[in-house]
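What follows is one structure encoded as structure tokens, with my remarks underneath.
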Amino acid sequence: MNLRRKFWQDLALYLITTFGAAVMVFPFLWMVSTSLKQHAYVIENPPRLLPPDPTLENFVKAWAANNFQLYFRNSLIVAIITTSFAVLFPAMVAYAFARFEFPGKEIIFYALLLTLMIPGLTLIIPQFLLAKALHLRNSLWGLIIVYTATFIPLNSFLLRGFFEGLPRELEEAVLIDGGGYLTIFLRIVLPLSKPALATVAIFSFLFSWDEYVWSLTAIDDVSKRTLPVAIALFQGQHGTEWGLVFAASLIAAIPVVAVFVSMQRYFMSGLTSGAFKG
Amino acid sequence: MLSVKPRTRLALTAYAFLLPGLALFATFMIYPLLKALQMSLYEWSIFPGRESSYVGLANYAQAFRDPIVTLAFRNTLLYMAITVPGQMVLAMIAALLLNSIVRGRVFFRGLYYLPVITSWVIVSLLFKYLFEWPNGLINYLLVNVFHLIAEPVQWLYQPSTALVAIMALGIWKGIGWSMVICLAALQTIPPQLYEVASIDGANAWHRFWKITLPLLRPTVVFTLVMLVIGAFNVFISVALITGGRPQHKTEVVLTYMYHQAFDFLDFGYGAALSYLLAGLILVLSFLQLKVLRRPQELY
Numbered sequence: 000m001n002l003r004r005k006f007w008q009d010l011a012l013y014l015i016t017t018f019g020a021a022v023m024v025f026p027f028l029w030m031v032s033t034s035l036k037q038h039a040y041v042i043e044n045p046p047r048l049l050p051p052d053p054t055l056e057n058f059v060k061a062w063a064a065n066n067f068q069l070y071f072r073n074s075l076i077v078a079i080i081t082t083s084f085a086v087l088f089p090a091m092v093a094y095a096f097a098r099f100e101f102p103g104k105e106i107i108f109y110a111l112l113l114t115l116m117i118p119g120l121t122l123i124i125p126q127f128l129l130a131k132a133l134h135l136r137n138s139l140w141g142l143i144i145v146y147t148a149t150f151i152p153l154n155s156f157l158l159r160g161f162f163e164g165l166p167r168e169l170e171e172a173v174l175i176d177g178g179g180y181l182t183i184f185l186r187i188v189l190p191l192s193k194p195a196l197a198t199v200a201i202f203s204f205l206f207s208w209d210e211y212v213w214s215l216t217a218i219d220d221v222s223k224r225t226l227p228v229a230i231a232l233f234q235g236q237h238g239t240e241w242g243l244v245f246a247a248s249l250i251a252a253i254p255v256v257a258v259f260v261s262m263q264r265y266f267m268s269g270l271t272s273g274a275f276k277g
Numbered sequence: 000m001l002s003v004k005p006r007t008r009l010a011l012t013a014y015a016f017l018l019p020g021l022a023l024f025a026t027f028m029i030y031p032l033l034k035a036l037q038m039s040l041y042e043w044s045i046f047p048g049r050e051s052s053y054v055g056l057a058n059y060a061q062a063f064r065d066p067i068v069t070l071a072f073r074n075t076l077l078y079m080a081i082t083v084p085g086q087m088v089l090a091m092i093a094a095l096l097l098n099s100i101v102r103g104r105v106f107f108r109g110l111y112y113l114p115v116i117t118s119w120v121i122v123s124l125l126f127k128y129l130f131e132w133p134n135g136l137i138n139y140l141l142v143n144v145f146h147l148i149a150e151p152v153q154w155l156y157q158p159s160t161a162l163v164a165i166m167a168l169g170i171w172k173g174i175g176w177s178m179v180i181c182l183a184a185l186q187t188i189p190p191q192l193y194e195v196a197s198i199d200g201a202n203a204w205h206r207f208w209k210i211t212l213p214l215l216r217p218t219v220v221f222t223l224v225m226l227v228i229g230a231f232n233v234f235i236s237v238a239l240i241t242g243g244r245p246q247h248k249t250e251v252v253l254t255y256m257y258h259q260a261f262d263f264l265d266f267g268y269g270a271a272l273s274y275l276l277a278g279l280i281l282v283l284s285f286l287q288l289k290v291l292r293r294p295q296e297l298y
């Protein structure tokens, strides 16, 4: 192809791609800008993208506001414990599916598959009654247990696909040496599956960090609230204090962005491998 | 242990591995799934000790008579009909663009993916702010910058325009996800195919329709099925942006279900509504796979 034509074609491609990216990112820039504005500038018309006299006041205020640090801590506890359960238990399920034959395998498989298609909210009324009966309401454990259960099907499928691709020779060697299946699982399968486990861990962490509806439903006790609920309620109460709302939102988004940026590779590979396995 | 047959012993080992995960799954997923079905057949009493009465299909019959349910289903279907093709087409264009640029692909992919990783709560509040009246950014752009309309629109206070804002959010937030999946599939297509086609005189348009799209078919089908399921799950954006207002006109199935269950404490009716939605999703997913997948693609 003619070089000059190639140059213009590339330029056009980059311009369109950049325009698309701008549309995707601009709302976030607007959010950041608003969070840096003093209140008087937030409601000003015409609005300005670059905040005059930018200030971190909103961030300081949000961080120091009632219970914000407590909510941040609650969210972190829930997300971390959920992530470890939502990796370990599905890994065990996936190992059983990848390496063993047992009665009921097929029906369990279809039960897992079925729940992937049904809206999570279909279950929320009985889950609410169950949490009440088991004294899991107003407890972070109520969140952790339900989030973990939610993740069993998806994570088991993702990991099963990965485990099936692992070579069996090492595992057979362990058996010949007199080791058991637990040794195989802990010493061979898990260490060889770090990329897949990382992918599953990232998705589980992000989901439990951001989850809103179950947290809203299961928790009434103010001191047990998580960040997404706190932020939504805060906006409901302080309708026009957008600078403060977005400062709080941005603080809440920091762990998400940190995980995403540092682990983008695992993240994307997980997404696409899940896609191709169906 | 010696008396146990090896096959039985292997099965027992498997169950030991399954136990913690499946116990949680059975208790907090399968039991609620069946319980919800049972509840949907009852006038469910929320007071302990008071009997719930079996009412057969009365809750479902009520749903078919309830004009807000009709509206909520219509809004949900409309949301699906607009956001699914919107996401799919824009994601495909974005994937083709990213696939044809060499430098900065990972960077741009990250930017397009940003809305996907941001929580629904945050982006819903963000769109609520953007579509505010009279001083929201969207109104400012339309009135003062592009001069497309004379007066600021009360986007979130009228049913049709509020749904526009909610659907715009749905599309904007979802593009990155479908794009990443399409992009990965595009990268598996051998470039030789395009070279041969070019030699035969096929232009870019033909190459897309005759090579790219047929090869991407399984990916597109998968993505469509997932997007349809996702669209029926629309909840947080509606709950936070309009809350179904004004007068339940912007209600979707799940917001109305939640409203019935946790504001009016009509658990039986709420369960029936969620089962209607789940049934619709299962039927539609099945039909899509049946119609869109060719027989040889049963993987």
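Quick note, the sequences are listed as chains A and B, same order.
Heads up, the final residue of the first sequence is numbered 277 in numbering that gives the first Met the number 0, and it's a clean run with no missing numbers.
Heads up, the final residue of the second sequence is numbered 298 in numbering that gives the first Met the number 0, and it's a clean run with no missing numbers.
Each residue gets a CB set at the ideal place from its N, CA and C atoms; glycine is no exception.
Owing to the predicted nature of the structure, the values given are computational and were not obtained by experimental measurement.
Legend entry - In DSSP terms, what Tyr304 of chain B is bridged to: This structure cannot speak to residue 304 of chain B, because chain B is shown only from 0 to 298.
Inset, instruction - For Asn134 of chain B, decide whether its Cβ has a neighbour in chain A, counting only Cβ atoms nearer than 8 Å. - result: yes
Inset, instruction - Note down, in chain order, each residue of its chain lying with its Cβ closer than 6 Å to the Cβ of Gln259 of chain B, except the 5 sequence neighbours on either side. - result: Asp265, Tyr268 and Gly269, listed in sequence order.
Legend entry - Secondary structure of Phe106 of chain B, DSSP reduced to three states: Of the three classes helix, strand and coil, the one that applies to Phe106 of chain B here is helix, per DSSP.
Legend entry - Simplified DSSP assignment, three categories, for Ser138 of chain A: coil
Legend entry - Reference Glu278 of chain A; option with closest CA among A:Ile250, A:Arg98, A:Phe18 and A:Leu2: This structure cannot speak to residue 278 of chain A, because chain A is shown only from 0 to 277.
Inset, instruction - Helix, strand or coil for Leu55 of chain A, going by three-state DSSP, please let me know. - result: Coil.
Inset, instruction - Mind checking which residues open and close the alpha helix (DSSP H) that includes Met299 of chain B? - result: What is shown of chain B runs 0 to 298, which leaves residue 299 of chain B out entirely.
Inset, instruction - Within 10 angstroms of the Cβ of Ser159 of chain B, are there 16 or more other Cβ atoms? Answer buried if so, exposed if not. - result: exposed
Inset, instruction - Could you tell me the distance, in whole angstroms, from the CA atom of Lys248 of chain B to the CA atom of Asn58 of chain B? - result: 22 Å
Legend entry - Extent of the continuous alpha helix (DSSP H) to which Gln37 of chain A belongs: Run containing Gln37 of chain A: none; DSSP gives neither H nor E here.
Inset, instruction - Check whether the Cβ atoms of Val294 of chain A and Gln234 of chain A lie closer than 8 Å to each other. - result: As shown, chain A starts at 0 and ends at 277. That puts residue 294 of chain A outside it, with no answer to give.
Legend entry - Chain-order list of residues whose beta-carbon lies under 6 Å from that of Pro133 of chain B (same chain, five-residue window excluded): Pro151
Inset, instruction - Taking only beta carbons into account, state which residues of the stretch 28-40 of chain B come closer than 8 Å to chain A, listed in chain order. - result: Met28, Ile29, Tyr30, Pro31, Leu32, Lys34, Ala35 and Met38
Inset, instruction - Could you name the residues of the same chain whose beta carbon sits closer than 8 Å to that of Gly55 of chain B, not counting the 5 residues immediately before and after it, in chain order? - result: Result list for Gly55 of chain B: Leu40, in chain order.
Legend entry - Separation of Arg64 of chain B from Leu139 of chain A, as counted between CA atoms: 40 Å
Inset, instruction - Below 7 Å between beta carbons is the criterion; list the residues of the stretch 233-253 of chain B that meet it against any residue of chain A, in chain order. - result: Phe234, Ile235, Leu239 and Leu253
Legend entry - Proximal residues to Met87 of chain B (C-beta, below 8 Å), its chain only, five neighbours per side dropped: Ser177, Val219, Thr222, Leu223 and Leu226
Legend entry - chain B residues whose Cβ lies nearer than 7 Å to that of Thr147 of chain A: Leu23
Inset, instruction - Measure the C-alpha to C-alpha separation of Thr149 of chain A and Met28 of chain B and round it to an integer number of angstroms. - result: Thr149 of chain A and Met28 of chain B: Cα-Cα distance of roughly 7 Å.
Inset, instruction - In angstroms with no decimal places, state the Cα-to-Cα distance between Glu100 of chain A and Lys193 of chain A. - result: So the alpha carbons of these two residues sit roughly 25 Å apart.
Legend entry - Under 8 Å between C-beta atoms of Thr82 of chain B and Val252 of chain B: no
Legend entry - Closer than 8 Å to chain B by CB, Trp213 of chain A: no
Inset, instruction - Measure the C-alpha to C-alpha separation of Phe275 of chain A and Leu165 of chain A and round it to an integer number of angstroms. - result: With a pLDDT of 41 at Phe275 of chain A, under the threshold of 50, the modelled position of that residue is not reliable, and no figure is offered here.
Legend entry - Beta-carbon spacing of Asn143 of chain B, Pro190 of chain A below 8 Å: no
Legend entry - Within-8 Å CB hit, Gly169 of chain B to chain A: no
Inset, instruction - For Asp199 of chain B, name the three-state secondary structure that DSSP assigns. - result: Asp199 of chain B falls in the coil class under three-state DSSP.
Inset, instruction - Compare the C-beta of Ile217 of chain A with all C-beta atoms of chain B and state if any pair is closer than 8 Å. - result: First, the amino acid is wrong: residue 217 of chain A is Ala here, not Ile. Chain B, which has no Cβ nearer than 8 Å to the Cβ of Ala217 of chain A, makes this no.
Inset, instruction - For chain A, find out if any of its Cβ atoms is closer than 8 Å to the Cβ of Leu286 of chain B; answer yes or no. - result: no
Inset, instruction - Give the straight-line distance between the Cα atoms of Leu11 of chain B and Glu171 of chain A, rounded to the nearest whole angstrom. - result: So the two alpha carbons sit approximately 19 Å from each other.
Inset, instruction - May I have the straight-line CA-CA distance separating Ile100 of chain B from Ala167 of chain B, to the nearest angstrom? - result: 27 Å
Inset, instruction - Please list, in chain order, all residues of the same chain as Ile123 of chain A whose beta carbon is under 8 Å from its beta carbon, the five residues on each side excluded. - result: So the list reads Val212, Trp213 and Thr216, once near-sequence residues are dropped.
Inset, instruction - Report yes if the C-beta distance between Pro114 of chain B and Lys172 of chain B is below 8 Å; otherwise report no. - result: yes
Inset, instruction - Can you say whether Lys4 of chain B is buried or exposed, counting buried as having 16 or more other CB atoms within 10 angstroms of its CB? - result: exposed
Inset, instruction - Would you decide whether Phe266 of chain A is buried or exposed? Buried here means 16 or more other CB atoms lie within 10 Å of its CB. - result: buried
Legend entry - Member of B:Gln287, B:Leu276 and B:Phe285 whose CA lies at the smallest distance from the CA of Leu36 of chain B: B:Leu276
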